[in-house]
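Structure first, then comments.
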Amino acid sequence: MERFSFVFLVAGLGFFALAFVVSAWVPMLEFGELSVESIEELAADPPQSFLDLKDQYPVAYKKAFGDQDDSAAFADALRTGRKIYIGEGCWHCHSQQVRPVGSDEERFGRLSYPEEYNNEMNYPPIWGTRRIGPDLIREADKHSNDWHVAHFWHPPDVAPTSVMPSYRWFFERDDPDTEVDESLTPNRKGLSIIAYVQWLGSWQDNRRETIHAAGSIDRAFDPPVEHKEEPPKKDDNEPKKDDDGFGDGGDDPFGDDGKTDEPDPFE
Amino acid sequence: MTQAASNPAPLKPTINVQGAVTSKLVCNGLVKWHIVASFVWITIALLAGMLYGTQLLQINRFPGVEVMSPGRLRMVHTNLIAFGWLTNGFLGMLYWTVPRLTGQRVASHKLGWLTFFAWQAIVAATWVGLHFGEAQAIEWGETPVWIDPLVCVGAVLVAIQFYTPIVKTKERSMYVSLWYFSAAFVWLGLTYIMGNFFPQYVVPGAGAGAMLGLYIHDLVGLWVTPMGWGLMYFFVPVILKKPIWSHALSLVGFWGLAFFYPLQGVHHFLWSPIPMFAQYGAVISTIAVEIVVATVIVNFFMTWRGSEGSIKQSMAIRWFFVGAVFYFVTCLQCAFQVTLTFQQIIHFTDWVVGHAHLVMFGVFTFWLYGVLMHLWPKLTGRNWHNPRLNAWHFWLTSTGLLLMFLDLMSAGLVQGFMWKALTPWDETVTASYPFWLFRSILGLGIFTGHIMLVYNMIRTAFAKKVTHIDLDYRAYEPSVTEQVPATV
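Heads up: the sequence lines are chains U and B, in that order. Residue 253 in the working numbering sits at position 250 of the first sequence, and the numbers go up by one each step. Residue 101 in the working numbering sits at position 58 of the second sequence, and the numbers go up by one each step.
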């Protein structure tokens, strides 16, 4: 046992391999049935927010994505947007994972599930380990494109307490000769990162009632205290959406129907 | 303040004799230059960390400057600490310890210099790449994808370099440090390949998430930790001039680390879409590893027992002592925070940031400082220029880090409970401001201490008077300047 070869083979290789099998390979088998969607498949049907970008910034859009058709341009934007999201370190201050605990579901929306990460946009997944800003996996359509444009230009303008830096290099002047700020529009980087953020969670309905409260403006109209006391509005006419097989009900963020009756240790 | 004047310095003939003996075995230049490189990288890393920290106070020294964006600086901070500072430091110490433990030279000093420059090129490319937005989405492994293969080559070269003396040695039994080193070189390569290639090209989604957890954890647990433990087990007995308390216990610790540590990675993503059985397994094995940690702590304190005065006399032992205390704290904290209950509140908060600083800075960086206090006079052949600066560095850094840890831990609790209580997000940010302000002030203190140490190292290296050479431990006498001045 006191030989180099024993240490090398058993501790160095053996235990590492054992751990790899137990904590990475076997869990991976659970997802073996899932197909891996390509970015082109994901981008086949671009969301309205992306089509709006094309209408809002025609010059910049053309410069950024050329004459590609909408889905090709969207696939391009997703690839570029993801690269920027990683390169700028967005994922060190924003998570992409809604947990079943810590009031995550009430605040951000539906619990994260394995299927939504099993695609080409998640090589590797960008779950993150820190939230300086809110989670983003349910971000689609929570804010308008305009909000995102203003926010990337100077975050405190729309969220006064925000500590997020400005991303001036996401913007360019349409006409390089003028100094007028009106001609500033998002460039390829800006359009792509907005398309990417607006894509996050767009594969499902995020318009459920959460008290995400990204800025104080939201809060002024919707004080959280009152919100908490009020029972959540239920639209009885609409059938409950529960097609995910998790049995957590579709539109009841405050109900505990997805959870067990375990006592909450923090109550 | 007894100074060099009263120092019974070894005379010049001693230098020649002993220098000749050890230069056959050890290339002191490699040790020295790895240390120099590590200090270049930690200086940049600390600056990057401070600039990122002040962004949280809405202070940005480089508004609109793309390459200095705080998001990129954060990755510069963590990567330069792991690969620039700790890894360089460890490599330097290995060139010092492994030949002494085996009685054999490393594979080749030329290979050593090749690896040295290659490694600095890798770290520099990572640094520049991160500034230019080339990061890879793997925490602690943001090294751009086009550098990853080079890192693997570097790991193989390092393994060849140090496996050669370990295999060739004529010693009948291996000292525990060598056990750790033997395993750590394999682990470094395997961890890097698993973490940087599989999630990037082979497996997407939640399966890759599990591997990312393994990578973050293994980089610390299977590279930094065994290196740190191995060095502690070498230098503490050497400085105290007595054997380690129990070699058998240290081997129990080795096998415990080897078995339990690799199983824990998934605990970085609890309550995630990774299957629950993997999460439970990771939690149980993390709690089990506390037994392993206990062996190291017990061994250190039992070795130290009976030499209590050393903490006052030797700056090196003082660093090791504080590092060991912090190690106990961080591992105790670990056993609690890893549970699914704690994770509900503290995951995603500053608590985790505080924990990471306590491990990477409070323990392993402190131990490297301890080694440095001991080695720098030997490597330069000169007494410490000003021991008081070292004492100042010690107090600024250790109290700064302790307070930073407490500050971030409290901030984490505040954030976690506010999030759970559905407090609007912007209010949870304003509630964090005071904690972040205090953290930045402490960071400034730590950086001041760091500058004092660097200044002291430079002045020592360029001092005219050669006073202190005892490269061979057989002739080792503790020098006056390694001791703590009475006034501080």
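We put the beta carbon where it would ideally sit given N, CA and C, even for glycine. Remember, it's a predicted structure, so these values are computed and weren't measured experimentally.
Using beta carbons (cut-off 9 Å, strictly below), is P127 of chain U in contact with chain B?
yes
Excluding the 5 residues flanking P113 of chain B on each side, which residues of the same chain have their C-beta closer than 8 Å to its C-beta?
L94, Y95, Q98 and N103
Min CB distance N122 of chain U to chain B below 9 Å
So, interface residue.
R82 of chain U - containing alpha helix (DSSP H), residue span
D73 to G90
CB contact flag (I388 of chain B, G459 of chain B, <9 Å):
yes
Where does S169 of chain U fall in DSSP's three states?
coil
On the three-state DSSP scale, how would you describe P113 of chain B?
helix
State yes or no: is the C-beta of F18 of chain U within less than 9 Å of the C-beta of F302 of chain B?
yes
Measuring CB to CB, does A143 of chain U end up less than 9 Å from W94 of chain U?
no
Let me know the alpha helix (DSSP H) ranges lying completely inside the stretch 109 to 195 of chain U, each 4 residues or longer, listed in chain order.
For the stretch 109 to 195 of chain U, whole alpha helix (DSSP H) runs of length 4 or above, ordered along the chain, are 148 to 156.
8 Å Cβ cut-off: residues of chain B touching V152 of chain U:
Here the premise fails: no neighbours, minimum Cβ distance about 16 Å.
Spell out a yes or no on whether the stretch 359 to 377 of chain B and the stretch 294 to 301 of chain B are touching, meaning 3 or more CB-CB pairs, one atom from each, closer than 8 Å.
No, because fewer than three Cβ pairs between the stretch 359 to 377 of chain B and the stretch 294 to 301 of chain B fall closer than 8 Å, the two stretches do not touch.
To the nearest angstrom, report how far apart K211 of chain B and M319 of chain B are at their CA atoms.
Each residue's CA atom was taken as its position, placing K211 of chain B and M319 of chain B some 46 Å apart.
When DSSP builds the beta bridges, which residues end up paired with F391 of chain B?
The partner list for F391 of chain B (beta bridge, DSSP) reads U:R133.
Proximity of H129 of chain B and S81 of chain B at Cβ, strictly below 9 Å
With the sequence shown as reference, residue 129 of chain B is identified as Leu, and His is not the correct amino acid for it. Closer than 9 Å, so yes.
Give the secondary structure of E43 of chain U by DSSP, where H, G and I count as helix, E and B as strand, and everything else as coil.
helix
Residue span of the alpha helix (DSSP H) that contains N426 of chain B, given as start and end:
No alpha helix (DSSP H) holds N426 of chain B; DSSP gives it neither H nor E.
Can you list, in chain order, the residues of its chain whose CB lies under 6 Å from that of V457 of chain B, leaving out five sequence neighbours each side?
For V457 of chain B, the CB contacts under 6 Å within the same chain, skipping 5 residues up- and downstream, are A474 in chain order.
Partners in chain U for E333 of chain B, counting only beta-carbon separations shorter than 9 Å
Neighbours of E333 of chain B on chain U: none; closest Cβ ~18 Å, over 9 Å.
Neighbouring residues, chain U, relative to R115 of chain B (Cβ below 7 Å)
E91 and G92
Give me the chain B residues within the contact set of V25 of chain U, using Cβ-Cβ distance strictly less than 7 Å, ordered along the chain.
Going along chain B in sequence order, the residues near V25 of chain U (Cβ under 7 Å) are L306 and G324.
From the DSSP output, in three-state form, read off H97 of chain U for me.
In the displayed model, H97 of chain U falls within coil according to three-state DSSP, outside both helix and strand.
Candidates U:E5, U:A75, U:V25 and U:M31: which alpha carbon is nearest W248 of chain B's?
Checking the sequence, you will find Gly at residue 248 of chain B rather than Trp. Closest option to G248 of chain B, Cα to Cα, is U:M31.
List the residues of chain B that A162 of chain U touches, going by C-beta distances under 8 Å, in chain order.
D469
Pick from U:L81, U:I89, U:L139 and U:F173: whose alpha carbon is nearest that of S98 of chain U?
U:L139
V326 of chain B and T373 of chain B closer than 9 Å at C-beta:
No. Outside cutoff.
So, with DSSP's three-state summary, where would you put M217 of chain B?
M217 of chain B falls in the coil class under three-state DSSP.
So is H146 of chain U in contact with chain B if we call contact Cβ pairs under 9 Å?
no
For S147 of chain U, count neighbouring Cβ atoms within 10 angstroms of its own Cβ and tell me buried if that reaches 16, exposed if not.
exposed
Could you give the first and the last residue of the continuous alpha helix (DSSP H) run that contains H174 of chain B?
H152 to H174
Which of the residues in the stretch 82 to 116 of chain B, read from start to end, lie with their CB under 7 Å from any CB of chain U?
Listed by position along the chain: Q98, L99, Q101, N103, P106, G107, E109, S112, P113, G114 and R115.
Burial state of A164 of chain B (16 or more Cβ within 10 Å):
exposed
Straight-line gap, L21 of chain U to G35 of chain U (C-alpha atoms, nearest Å):
The alpha-carbon atoms of L21 of chain U and G35 of chain U are separated by roughly 20 Å.
Anything in the stretch 246 to 263 of chain B with a Cβ closer than 9 Å to a Cβ of chain A? List those residues in chain order, please.
Here chain A cannot be found, since the structure's protein chains are U and B.
If you measure from the beta carbon of S293 of chain B to each beta carbon in chain U, is any gap under 9 Å?
no
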